[in-house]
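Numbered per our numbering, the sequence shown spans residues 1 to 115.
Just so it is clear, CB atoms sit at the ideal spot from N, CA and C, and this is done for glycine as well.
Take a look at the structure below.
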Amino acid sequence: QVHLVESGGGLVQPGGSLRLSCAASGSIFSINVMGWYRQGPGKERELVASITKGGLTNYADSVKGRFTISTDNAKNTVYLQMNSLKAEDTAVYYCNTRQGLSVSWGRGTQVTVSS
Numbered sequence: 001q002v003h004l005v006e007s008g009g010g011l012v013q014p015g016g017s018l019r020l021s022c023a024a025s026g027s028i029f030s031i032n033v034m035g036w037y038r039q040g041p042g043k044e045r046e047l048v049a050s051i052t053k054g055g056l057t058n059y060a061d062s063v064k065g066r067f068t069i070s071t072d073n074a075k076n077t078v079y080l081q082m083n084s085l086k087a088e089d090t091a092v093y094y095c096n097t098r099q100g101l102s103v104s105w106g107r108g109t110q111v112t113v114s115s
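Written out as structure tokens, the structure is:
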């Protein structure tokens, strides 16, 4: 089992930046993919970005060129650097890992983009 704890959310003005962190613990050796999802007000949860154990990345079209996902294997942490934030990026951001047929979720961190 993998336990995930997100941090780094908050309130930021349009055009600003935030970096989210997600620390993984537990059966981390079994993780194949780490990623970030988000759920905005009245919307379904959607994939924002993911990164495989081999370093392959995938981004939602809406965040390409603005967000960057990365990992620090020594710290068992995945990051989401978010630049040029827009009001429509406002959401609860969830960390996610996949290990075999199992999926783990963090509790989420709120990101609000507003002036």
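Cβ atoms of Ser50 and Val33 come within 8 Å of each other, at about 6 Å. Taking all protein chains in view, the Cβ of Val78 is crowded by 16 or more other Cβ atoms within 10 Å, so the residue is classified as buried. Taken in chain order, the complete beta strand (DSSP E) segments of 3 or more residues contained in the segment 29 to 110 are 33 to 39, 46 to 52, 57 to 59, 67 to 72, 77 to 82, 91 to 99 and 102 to 105. In the structure shown, Ser25 adopts extended strand secondary structure according to DSSP, grouped into three states. Counting the other CB atoms within 10 Å of its CB gives Asp72 a total below 16, which places it among the exposed residues. With a cutoff of 8 Å on beta-carbon distance, Ser25 and His3 are scored as near each other.
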